[in-house]
Amino acid sequence: MRKSVLAIGAHPDDIEIGCGGTLLSLVKKGYDIYLVIMTNGENWQCKTKNVRIVEQEEASRYLLANHTFYLNCRDGYMQKDPTVIDQLTEIIQEVDPQIIFTHYALDYHQDHQTTYQVTSASAKKRTLYLYESVTSQHFQPDTFYDISNEYEHKHHLIGLHHSQIVKYSQRNDSLYSRVRAYNARHGLEIGVEYAEGFVTERAKLDKLV
Numbered sequence: 002m003r004k005s006v007l008a009i010g011a012h013p014d015d016i017e018i019g020c021g022g023t024l025l026s027l028v029k030k031g032y033d034i035y036l037v038i039m040t041n042g043e044n045w046q047c048k049t050k051n052v053r054i055v056e057q058e059e060a061s062r063y064l065l066a067n068h069t070f071y072l073n074c075r076d077g078y079m080q081k082d083p084t085v086i087d088q089l090t091e092i093i094q095e096v097d098p099q100i101i102f103t104h105y106a107l108d109y110h111q112d113h114q115t116t117y118q119v120t121s122a123s124a125k126k127r128t129l130y131l132y133e134s135v136t137s138q139h140f141q142p143d144t145f146y147d148i149s150n151e152y153e154h155k156h157h158l159i160g161l162h163h164s165q166i167v168k169y170s171q172r173n174d175s176l177y178s179r180v181r182a183y184n185a186r187h188g189l190e191i192g193v194e195y196a197e198g199f200v201t202e203r204a205k206l207d208k209l210v
């Protein structure tokens, strides 16, 4: 029986930033990859969801994802809605994943917080691996996954979300640099070049892979 992974993100690009390297590695190990995007990411300066969806589809193909689910919540205004919880519960039951990735609970972005809450309610007793975003607060991972061999592919994966690379550059910032910095920091913690860190609820990732 094939193993499966379900990665859940509030917006297009959140999954790739938070656990893209781990997903790339798990594909090589034979896992089926399923993605859930809670919003279409339309609440950015260009005010269009079409660009974000096209970018996500390219990223999904690069990840060799089996399927990407879009729940079409309103970007920037996500709520812990029973209907959304029911939708995500159905997806979890359908995919029956061995591993679930989602946002860390403490985050400056409301949609990231709400995505965690909805996932926690939908997953019930299943193990969650909470990933870091550029807006996470007080993120202290207890589990690390070596992505040194996948890092350049992760870099390319993030670049497929070109609109967000441009958004950061217009603020005199670099999304690439931010992600590289914390992946390098987590790598130092386990003696490798790059790693992704996770806060786990109920289990350890290395016991499942």
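Here the numbering used here is used: the first residue of the sequence shown is 2, the next is one more, and so on.
A virtual CB, placed ideally from N, CA and C, is assigned to each residue, including glycine.
In this text, all values refer to a predicted model and were calculated from it rather than measured experimentally.
Query	Result
Rounded to the nearest angstrom, what separates residue 116 and residue 154 at their Cα positions?	26 angstroms
What did DSSP end up calling residue 147 once you bin it into helix, strand or coil?	strand
Where does the unbroken alpha helix (DSSP H) through residue 6 begin, and where does it stop?	Taken as a continuous stretch (DSSP letters only), residue 6 belongs to no alpha helix (DSSP H), being part of the beta strand (DSSP E) at 5-10.
What do you reckon, are the CB atoms on residue 7 and residue 98 nearer than 7 angstroms?	yes
Starting from the N-terminal side, write out each stretch of the beta strand (DSSP E) that is 3 residues or longer and does not extend beyond the region 111-169.	129-132 and 144-147
So for residue 195, helix, strand or coil by DSSP?	coil
Kindly identify the DSSP beta-bridge partner or partners of residue 104.	132
Give me the DSSP bridge partner(s) of residue 36.	8 and 69
Taking the alpha helix (DSSP H) that residue 25 belongs to, which residues open and close that run?	15-29
Which word fits residue 68, buried or exposed, when buried means at least 16 other C-beta atoms lie within 10 angstroms of its C-beta?	exposed
When the Cβ atoms of the region 128-148 are set against those of the region 83-96, are three or more pairs found closer than 8 angstroms?	no
Buried or exposed for residue 41, going by 16 or more other Cβ atoms inside 10 Å?	buried
Under DSSP, the alpha helix (DSSP H) around residue 64 begins and ends at which residues?	Per DSSP, residue 64 belongs to no alpha helix (DSSP H) and is neither H nor E.
Per DSSP, what are the beta-bridge partners of residue 200 in this structure?	131
Quick one: residues in its chain with C-beta nearer than 7 angstroms to the C-beta of residue 179, no 5 flanking neighbours on either side, listed in chain order?	135
With a CB to CB cut of under 6 angstroms and the five nearest residues on each side skipped, what residues in its chain are close to residue 39?	11, 72, 74 and 116
From residue 170 to residue 121, what distance separates their C-alpha atoms?	34 angstroms
Residue 52 and residue 9: beta carbons closer than 7 angstroms?	no
Tell me which same chain residues have a C-beta within less than 6 angstroms of the C-beta of residue 164, skipping the five on either side of it?	52
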